[in-house]
Amino acid sequence: MPPVAFIIFSVIMLVFGVLVVVNRNPVASALSLVVSFLGLAALFVSLDAYFVGVVQILVYAGAVMVLFLFIIMLLDLKAEARRKINVVPMIGGCVLTAVLVLQLVSVLNTFEPGKKSLVEAPLDYAAAAAARPAVPEGKSDTIKRDLRENKLPDVRLLGEQLFTKFPFHLQIAGVLLLVSTVGVVILSKRELK
Amino acid sequence: MGNFLEAPYLLEAVVVVLGLALLMLEAFLPKADKRLVAYIALFGLAGVLVASFNMKAPENLEHSFWSFYATDNLAFFYKNIAVLATMLVIVMAIEYTPVLEKYVSQGSKQGGLGEFFCLPVFVCAGLMWMASAKEFITIFVSLETVTISFYVLVAYMRRNVGSLEAGVKYLILGALSTGFFVYGVTWVFGLTGETHLEKIGIALQGLEGSDSAVLFAFTLILVGLGFKVAAVPFHVWVPDVYQGAPTPVTAFLSVGSKAAGFIVATRILQPFLEMERLHSSFTTILVIVTGATILFGNFAAIPQTNFKRLLAYSSISHAGFLLLALTCTPDQFQLTPGQVVAFYLATYLLMTMLCFLVLTIVRRSTESDEIAAFSGLHRRSPFLAFALLIGVISLAGVPLTAGFLGKFFVFTLAIDSGRWILLAFAVVGAASGFYYYLKVARAMYWEEPTELAAIEISPLARLALLLLIIATIVFGVYPAPILGLLTN
């Protein structure tokens, strides 16, 4: 990806990210968040991570819509917009952020930049297909088939990782979701039995 | 994956199934006394505890699918701590039901209490996964299971402003610290291409190029861990959250969350500290955090008048002593820093749970957490006063109690590896500990009570208190059983 597009999308992401915090109107904040996610999704796509990019839009934009509904339902928008900014914590926050960014810049400065850009190192589908392990008789390797056809099977690769290397972690995440569902019901239900 | 009974995750699976069964029970028996759920949870966890002592850990997992899962003595030890802490928290929760009914149920009898007994069981499973995790993704998912359950538990008393405020604070700061932790993990992954701690250790040894990137990653991870174990300067949430949360949850945060944080810290710090080139830099960062934690935790505890808040600062100061052990590289001392930390946490569990159990019972009958509410406690209930006395003198580190031996091992380790400045801080901190812990003892024995009505104790709580008192004294004189579990 040419650096021009990288810069454009990064700027979109950062500017709208700042707007999320700066905006006094919660609805405007939520909308800025959507735009910021769009910029992030574009950056993922530029790194050949199409699936993550699409999920970023589907899941996060969807989640933000829900957030939106909550804002409209629960918050008093005018009172939120009138709230005064507390100067001292804000300056403190800005200083801390600036220190973190400076730190990051200094760390990145000591870093050797990569020798090749992504454009110069295209994906080698044939080599990747050849490196796939053999599958048992009667089964077909759809990932290998996609790679031979010069398609990137990113969803399949992700699924393969998830179910061969991390099935245990997936189940822990299931427990996590169960606990949070129970928690949401407990904390928000009008009358408990 | 072989026979289920030989699976390395067997105990955790049983705990999760227990939690699910309790949720079902709660859902399908709406008329039953909700405390039934708690009794079954206690019974089931006791079974798990007994089974864990009789289990033989599967070996040679390094090259199998389970290479991310530790089954060493340390992992089992921390699993026992998690189960024991959960059981004591459930005993406390049963004592706490009247307070919960007031702030949760609103009208309906025991409304919404069942989940309060179920959630700790899931937290327990999360703590047990953390005890075994030696790979960043495992650490992350189990850590989040624990933390998200705690967000719910802290804010559980939803008609109480203090509990809600504590919940919001914990949620926001917890999310921030998780962000730092994950960012640090991505840096480590970017540098080494590994999420597995042992492989990271090897990759770091042979790493060429910029040191500052490794230091940056280490610091970011330390921020996340510091939040979990309540180390200064990431402690700001501790006093408010501890004070606002329901007392059993505070006890759980103080013991369970801290213990799991320390086993993860022990495992994560190891590959970094083994990196010879940057060993001194990492140690310097740790030493600064440790020194600040010991001094701040102990000095800020001195002026406190609320017992729960006092225990919050005490929790910070104990985190300082534990971190001190982690900064050490022992020369001749036969226990490793990881083992000393585990021993300290086991004694910390006994004495802290003792204090919180007494606090729960006193809170129920006086509706106050202030130290003033403990005035003349020995006239109202000599047994409770004695239990709390044992608890606070053990926290202060009086000889012949379990707390003394924990501190003794830490100090010996510090002398052995020549951490003289930190040792001086620790001695000053421990000395000031005597003042603020014994303030509670003075209130109980030398001050006049405001009322004289005797305080009722349920048989279950009496049994738990009795066992904790005996354990605190016995392990203070004869620590061999705990050490045996650790070294074996």
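Residue numbers (my numbering), protein chains in the order written: chain F, 249 to 441; chain L, 70 to 557. Heads up, the beta-carbon is just placed ideally off N, CA and C, and yes, glycines get one too.
- What residues of chain L sit near ALA428(F), judged by a beta carbon separation below 7 angstroms? Taking the first residue of the first sequence as 1, we reach residue 428(F) at position 180. In the sequence as displayed, the identity of residue 428(F) is Ser instead of Ala. Ordered by position in chain L, the residues that pass the 7 angstroms Cβ test against SER428(F) are ILE217.
Can you tell me where the alpha helix (DSSP H) with THR353(L) in it begins and where it stops? Here the question's residue 353(L) lines up with position 284 in the second sequence. In the DSSP assignment, THR353(L) falls within the alpha helix (DSSP H) that extends over 348-370.
Worksheet item: The alpha helix (DSSP H) spanning MET156(L) covers which residue range?
Response: Along the second sequence, one-based indexing puts residue 156(L) at 87. Per DSSP, MET156(L) belongs to the alpha helix (DSSP H) from 142-164.
- Would you call the CB atoms of GLY88(L) and PHE191(L) closer than 8 angstroms? Residue mapping note: residue 88(L) aligns to position 19 of the second sequence, counting from 1. Residue mapping note: residue 191(L) aligns to position 122 of the second sequence, counting from 1. Cβ distance < 8 angstroms, so GLY88(L) and PHE191(L) count as in contact.
Any beta carbon from chain L within less than 8 angstroms of VAL293(F)'s own beta carbon? The sequence position of residue 293(F) within the first sequence is 45, counting from 1. Judged by the 8 angstroms Cβ criterion, VAL293(F) is not in contact with chain L.
task: With DSSP as the reference, please indicate the residues paired to GLU439(L) in a beta bridge.
output: Residue mapping note: residue 439(L) aligns to position 370 of the second sequence, counting from 1. The partner list for GLU439(L) (beta bridge, DSSP) reads ASN375(L).
**Request:** Pick helix, strand or coil for GLU267(L), following the three-state DSSP scheme.
**Result:** Stepping through the second sequence from its first residue, residue 267(L) is reached at position 198. In the structure shown, GLU267(L) sits in a helix (DSSP, three-state: H, G or I).
- Just the C-alpha distance for PHE49(L) and MET156(L), rounded to the nearest angstrom, thanks. For chain L, the structure presents residues 70 to 557; residue 49(L) sits outside this window and is missing.
TYR147(L): which of PRO406(L), LEU535(L), PHE412(L) sits nearest, CA to CA?
Indexing the second sequence from 1 puts residue 147(L) at position 78. Of the candidates PRO406(L), LEU535(L), PHE412(L), PHE412(L) places its Cα closest to the Cα of TYR147(L).
- Message: Please list, in chain order, the chain F residues whose beta carbon lies closer than 7 angstroms to that of ALA224(L).
- Response: For this step, residue 224(L) is matched to residue 155 along the second sequence. Within chain F, the residues near ALA224(L) are LEU435.
Among PHE416(F), ALA309(F), ILE339(F), SER258(F), which residue has its Cα nearest to the Cα of SER294(F)? Residue numbering aside, residue 294(F) sits at position 46 when the first sequence is read from its first letter. Ranking PHE416(F), ALA309(F), ILE339(F), SER258(F) by Cα distance to SER294(F) puts SER258(F) first.
Taking a contact to mean a Cβ-Cβ separation below 8 angstroms, would you say LYS476(L) touches ALA512(L) in this structure? In the second sequence, counting from the first residue as 1, residue 476(L) sits at position 407. In the second sequence, counting from the first residue as 1, residue 512(L) sits at position 443. No. Outside cutoff.
Cutoff 8 angstroms: VAL442(F) Cβ touching any chain L Cβ = Because chain F here runs from 249 to 441, residue 442(F) falls outside it and cannot be looked at.
Item checked: Contact set for LEU410(F): own chain, Cβ-Cβ below 7 angstroms, skip 5 residues either direction -> Locating residue 410(F) in the first sequence gives position 162, where the first residue counts as 1. Here the set comprises LEU418.
*For TYR138(L), does the three-state DSSP call read helix, strand or coil?*
To locate residue 138(L), count along the second sequence from 1; it is residue 69. Three-state DSSP puts TYR138(L) in a strand.
Alpha carbon of LEU379(L) to alpha carbon of ASP296(F), nearest angstrom: Counting from 1 along the second sequence, the entry for residue 379(L) is found at position 310. Counting from 1 along the first sequence, the entry for residue 296(F) is found at position 48. Going from the Cα of LEU379(L) to the Cα of ASP296(F) covers about 54 angstroms.
**Request:** Since I believe VAL283(L) is in contact with LEU276(L) (beta carbons under 8 angstroms), could you give me their beta-carbon distance rounded to a whole number of angstroms?
**Result:** Position 207 of the second sequence, counted from the start, is the residue given in the question as residue 276(L). Position 214 of the second sequence, counted from the start, is the residue given in the question as residue 283(L). Contact flag correct, Cβ pair sits at about 7 angstroms.
Members of the stretch 337-366 of chain F that neighbour chain L once the beta carbon cut-off is set at 8 angstroms
Residues of the stretch 337-366 of chain F whose Cβ lies closer than 8 angstroms to any Cβ of chain L, in chain order: GLN351, LEU352, SER354, VAL355, THR358, PHE359, GLU360.
Original post:
Name the chain F residues that come within less than 8 angstroms of ILE206(L), Cβ to Cβ?
Top reply: Counting from 1 along the second sequence, the entry for residue 206(L) is found at position 137. Here the neighbours are PHE414, HIS417.
Taking 8 angstroms as the CB-CB cut-off, is ILE333(F) touching chain L?
Counting from 1 along the first sequence, the entry for residue 333(F) is found at position 85. No, because no Cβ of chain L sits closer than 8 angstroms to the Cβ of ILE333(F).
* To do: Go ahead and label THR353(L) buried or exposed: buried means 16 or more other beta carbons lie within 10 angstroms of its beta carbon, across all protein chains shown.
  => The sequence position of residue 353(L) within the second sequence is 284, counting from 1. It counts as exposed.
Note to self: Is the separation between the beta-carbon of LEU315(F) and that of ALA278(F) shorter than 8 angstroms?
What the structure shows: Stepping through the first sequence from its first residue, residue 315(F) is reached at position 67. Stepping through the first sequence from its first residue, residue 278(F) is reached at position 30. A distance below 8 angstroms separates the beta carbons of LEU315(F) and ALA278(F).
field: For GLU592(L), three-class secondary structure by DSSP
entry: Summary: the structure shown does not reach residue 592(L), with chain L confined to residues 70 through 557, and so no result is reported for it.
Next on the checklist: Considering only their Cβ atoms, is the gap separating LEU395(F) from ALA376(F) smaller than 8 angstroms?
Outcome noted: Within the first sequence, numbered from 1, the residue matching residue 376(F) stands at position 128. Within the first sequence, numbered from 1, the residue matching residue 395(F) stands at position 147. Yes.
### Task
Determine the direct distance from the alpha carbon of PHE258(L) to that of TRP489(L), and round the result to whole angstroms.
For the purposes of this step, residue 489(L) is taken as the residue at position 420 of the second sequence. For the purposes of this step, residue 258(L) is taken as the residue at position 189 of the second sequence. About 35 angstroms.
Discussion item. Give me the residue from LEU260(L), GLY183(L), LYS171(L), PRO167(L) with the minimum Cα distance to MET93(L).
Written reply: Along the second sequence, one-based indexing puts residue 93(L) at 24. Comparing Cα-Cα distances from MET93(L) to each of LEU260(L), GLY183(L), LYS171(L), PRO167(L), the minimum goes to GLY183(L).
Worksheet item: Looking only at C-alpha atoms, which of GLY445(L), ASN557(L), ILE430(L), LYS327(L) sits nearest to ARG531(L)?
Response: Along the second sequence, one-based indexing puts residue 531(L) at 462. The option with the nearest alpha carbon to ARG531(L) is ILE430(L).
(request) Kindly indicate which residue of ARG438(F), ALA374(F), PHE416(F) has the alpha-carbon position closest to the one of LEU79(L). (result) The residue you call residue 79(L) lines up with position 10 of the second sequence. For the residues ARG438(F), ALA374(F), PHE416(F), the minimum Cα distance to LEU79(L) belongs to PHE416(F).
**Report entry** Residues bridged to GLU204(L) (per DSSP)
**Finding:** As a position in the second sequence, residue 204(L) is number 135, starting the count at 1. According to DSSP, which records beta bridges pairwise, GLU204(L) is partnered with HIS265(L).
Using a C-beta cutoff of 8 angstroms, does THR429(L) count as contacting chain F?
-> Counted from its first residue, the second sequence places residue 429(L) at position 360. For THR429(L), the answer is no, since every Cβ of chain F falls outside 8 angstroms of its Cβ.
Discussion item. Here's the rule: buried if 16 or more other CB atoms are within 10 angstroms of the residue's CB, otherwise exposed. What is GLU213(L)?
Written reply: Position 144 of the second sequence holds residue 213(L). Answer is buried; the Cβ neighbour count reaches 16.
How far does the alpha helix (DSSP H) with PRO340(L) in it reach, from first residue to last? As a position in the second sequence, residue 340(L) is number 271, starting the count at 1. That run of the alpha helix (DSSP H) goes 327-342.
Exercise. What number of angstroms, rounded off, separates the C-alpha of LEU453(L) from the C-alpha of VAL86(L)?
Worked result: The sequence position of residue 453(L) within the second sequence is 384, counting from 1. The sequence position of residue 86(L) within the second sequence is 17, counting from 1. In this structure, the alpha-carbon of LEU453(L) lies about 36 angstroms from that of VAL86(L).
For the putative contact between TYR239(L) and PHE209(L), defined by C-beta atoms under 8 angstroms, what is the C-beta separation to the nearest angstrom?
-> Translated into the one-based positions of the second sequence, residue 239(L) becomes position 170. Translated into the one-based positions of the second sequence, residue 209(L) becomes position 140. That pair is no contact at about 18 angstroms.
Original post:
Rounded to a whole number of angstroms, what is the C-alpha to C-alpha distance between SER323(L) and HIS132(L)?
Top reply: The sequence position of residue 323(L) within the second sequence is 254, counting from 1. The sequence position of residue 132(L) within the second sequence is 63, counting from 1. Using only the alpha carbons, I get a separation of about 36 angstroms.
Exercise. Output yes if chain L places a C-beta closer than 8 angstroms to the C-beta of GLY265(F); else output no.
Key: Here residue 265(F) corresponds to residue number 17 of the first sequence, with the count starting at 1. False, the Cβ-Cβ gap to chain L never drops below 8 angstroms.
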